[in-house]
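Engineer: One structure, pasted below without further comment.
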Amino acid sequence: ELIFGFTLRIRVSVVKHKNCHKGLLEMLDHMCGFMNSKQKLANAKDSIEKREIFEDISDHCFEQIDISLDQIRSLQKNKELKKNEDEIIGTKEQRSKRKEWSSKSLRTLRPQTEFFDDIDNSIDTPFKPKLLKKPNSLQKLQSESQLENPYAFEIDQFKYCKRQLKRREPIMYRPLKETAIYWVNTTAQLTEMIDHIVSEFELAGNDKFNGIGVDLRYDNIHSYQGMACVLQISTRSEVYKLRRVLQQLNVIFTNPNIIKVFYQSKQHLLALQRDLGIYV
Numbered sequence: 689e690l691i692f693g694f695t696l697r698i699r700v701s702v703v704k705h706k707n708c709h710k711g712l713l714e715m716l717d718h719m720c721g722f723m724n725s726k727q728k729l730a731n732a733k734d735s736i737e738k739r740e741i742f743e744d745i746s747d748h749c750f751e752q753i754d755i756s757l758d759q760i761r762s763l764q765k766n767k768e769l770k771k772n773e774d775e776i777i778g779t780k781e782q783r784s785k786r787k788e789w790s791s792k793s794l795r796t797l798r799p800q801t802e803f804f805d806d807i808d809n810s811i812d813t814p815f816k817p818k819l820l821k822k823p824n825s826l827q828k829l830q831s832e833s834q835l836e837n838p839y840a841f842e843i844d845q846f847k848y849c850k851r852q853l854k855r856r857e858p859i860m861y862r863p864l865k866e867t868a869i870y871w872v873n874t875t876a877q878l879t880e881m882i883d884h885i886v887s888e889f890e891l892a893g894n895d896k897f898n899g900i901g902v903d904l905r906y907d908n909i910h911s912y913q914g915m916a917c918v919l920q921i922s923t924r925s926e927v928y929k930l931r932r933v934l935q936q937l938n939v940i941f942t943n944p945n946i947i948k949v950f951y952q953s954k955q956h957l958l959a960l961q962r963d964l965g966i967y968v
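Per the working numbering, numbering through the sequence shown is continuous, rising by one, with the last residue being 968.
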């Protein structure tokens with residue numbers, strides 16, 4: 689009885705499987721008719737030929753989908769182009785305003801014309817550090833060395849002090865309305881700013897977090913010298929923006945006891961050294 693029951697179940701399963709297989713083939717052949725395909729899975733000799741026919745049908749189906757999607761995108765693109773064209777042409781009044789704005793922009797002077805240092809972007813000229821003085825140095829400035837970082841020796845000798853490695857509670861920044869912001873564009877303002885940061889660091893002592901936040905705006909697409917435009921330094925109480933005669937800042941930036949917090953420091957360090965002669 690057990691053998692008979694087991695055999696009966698197998699026969700029933702085989703019949704169900706054959707019926708399912710037949711129904712699946714009929715459904716796929718019906719789908720082929722929608723795609724005008726002359727191939728039919730039911731006419732295939734073996735499973736390998738059926739698989740090849742199914743792959744051809746699938747490829748044809750996906751190709752038709754891609755063509756249809758491209759046609760839809762093309763229609764949408766044409767509508768957008770027509771809309772943009774209408775917006776670009778605009779009214780007569782808008783065209784006259786654009787013409788006036790364009791003529792003004794042509795008269796704008798390039799900021800590089802006011803640079804004190806000459807910018808040499810020629811390929812044949814090797815890069816020479818802009819550094820003239822070397823504050824916080826352990827080794828004198830070597831003028832004949834053009835390729836080595838002037839602070840290479842100091843960087844190799846650098847060691848973190850214990851207070852810099854100590855875990856501290858985060859100190860929240862002040863609200864923007866309560867933070868003084870200064871635009872620094874003269875040597876006198878720069879000197880005053882440096883004195884303020886140094887004195888703030890000295891007054892804070894070793895028990896408090898001593899550091900500055902640094903952000904830089906520069907051309908990060910073309911590596912031409914002289915494309916750094918704005919340097920921003922933030923202390924706990926004030927924010928400064930700088931541009932020229934900035935090597936004086938090495939008094940702060942090369943001081944190993946003052947922590948510098950950078951955003952994207954790898955690229956910022958390159959631009960600071962290349963364009964402004966500032967080393968960290």
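Just so it is clear, CB atoms sit at the ideal spot from N, CA and C, and this is done for glycine as well.
Using beta-carbon positions only, say whether Q827 and F841 come within less than 8 Å of one another.
Structural biologist: Counted from its first residue, the sequence shown places residue 827 at position 139. Counted from its first residue, the sequence shown places residue 841 at position 153. Taking 8 Å as the Cβ cut-off, Q827 and F841 qualify as a contacting pair.
Engineer: Taking the alpha-carbon of L853 as reference, which of D903, A916, N898 has the nearest alpha-carbon?
Structural biologist: What you label residue 853 is simply residue 165 of the sequence shown in a count that begins at 1. The candidate whose alpha carbon is nearest that of L853 is N898.
Engineer: Quick one, which of D744, D903, R739, K816 has its alpha-carbon nearest P838's?
Structural biologist: As a position in the sequence shown, residue 838 is number 150, starting the count at 1. When each option's Cα is compared against that of P838, the closest is K816.
Engineer: Rounded to a whole number of angstroms, what is the C-alpha to C-alpha distance between I755 and R905?
Structural biologist: By one-based count along the sequence shown, residue 755 stands at place 67. By one-based count along the sequence shown, residue 905 stands at place 217. Their Cα atoms are separated by approximately 45 Å.
Engineer: If you draw a straight line from the alpha carbon of F889 to that of P823, how long is it in whole angstroms?
Structural biologist: Translated into the one-based positions of the sequence shown, residue 889 becomes position 201. Translated into the one-based positions of the sequence shown, residue 823 becomes position 135. One C-alpha to the other measures close to 16 Å.
Engineer: For E689, count neighbouring Cβ atoms within 10 angstroms of its own Cβ and tell me buried if that reaches 16, exposed if not.
Structural biologist: In the sequence shown, the residue the question calls residue 689 occupies position 1. Low confidence applies to E689: its pLDDT is 49, below 50, so where it sits in the model is not reliable, and the reading given next is rough at best. Exposed.
Engineer: Between the C-alpha atoms of N873 and R761, what's the straight-line distance to the nearest angstrom?
Structural biologist: Start at 1 with the first residue of the sequence shown, and residue 873 comes out as number 185. Start at 1 with the first residue of the sequence shown, and residue 761 comes out as number 73. The alpha-carbon atoms of N873 and R761 are separated by roughly 51 Å.
Engineer: Quick check: what's the CA-CA separation for K865 versus R924?
Structural biologist: As a position in the sequence shown, residue 865 is number 177, starting the count at 1. As a position in the sequence shown, residue 924 is number 236, starting the count at 1. Straight-line Cα distance between these residues: approximately 14 Å.
Engineer: Check whether the Cβ atoms of L937 and I882 lie closer than 8 Å to each other.
Structural biologist: As a working mapping, residue 937 is identified with position 249 in the sequence shown. As a working mapping, residue 882 is identified with position 194 in the sequence shown. Yes.
Engineer: Please classify H718 as buried or exposed, where buried requires at least 16 neighbouring CB atoms within 10 angstroms.
Structural biologist: As a first step, residue 718 must be located in the sequence shown, where it is residue number 30. So H718 counts as exposed.
Engineer: Assign V918 to buried or exposed, taking buried as 16 or more other Cβ atoms, counted over all protein chains shown, within 10 Å of its Cβ.
Structural biologist: Counting from 1 along the sequence shown, the entry for residue 918 is found at position 230. Exposed, because fewer than 16 other Cβ atoms sit within 10 Å of the Cβ of V918.
Engineer: Tell me which residues share the same chain as E714 and place their Cβ nearer than 6 Å to its Cβ, disregarding the 5 neighbours each side in the sequence.
Structural biologist: By one-based count along the sequence shown, residue 714 stands at place 26. For E714, where only same-chain residues beyond five positions count, there are no Cβ hits under 6 Å.
Engineer: First and last residue of the alpha helix (DSSP H) that includes D734?
Structural biologist: Residue numbering aside, residue 734 sits at position 46 when the sequence shown is read from its first letter. Per DSSP, D734 belongs to no alpha helix (DSSP H) and is neither H nor E.
Engineer: Quick one: what does DSSP say E926 is sitting in, helix, strand or coil?
Structural biologist: Looking up residue 926 in the sequence shown gives position 238. DSSP places E926 in strand when its eight states are reduced to three.
Engineer: Bridge partners for D903 per DSSP, in chain order?
Structural biologist: On the sequence shown, residue 903 is found 215 positions in, with the first residue counted as 1. Q920, per the DSSP bridge assignment.
Engineer: Taking all protein chains shown into account, decide if I691 is buried (16 or more other Cβ within 10 angstroms of its Cβ) or exposed.
Structural biologist: The sequence position of residue 691 within the sequence shown is 3, counting from 1. With a pLDDT of only 49 at I691, under 50, the local geometry of the prediction cannot be trusted, and no value is derived from it.
Engineer: Which first and last residues belong to the beta strand (DSSP E) in which V949 is found?
Structural biologist: One-based indexing of the sequence shown puts residue 949 at position 261. 947 to 950 is the span of the beta strand (DSSP E), which, as asked, contains V949.
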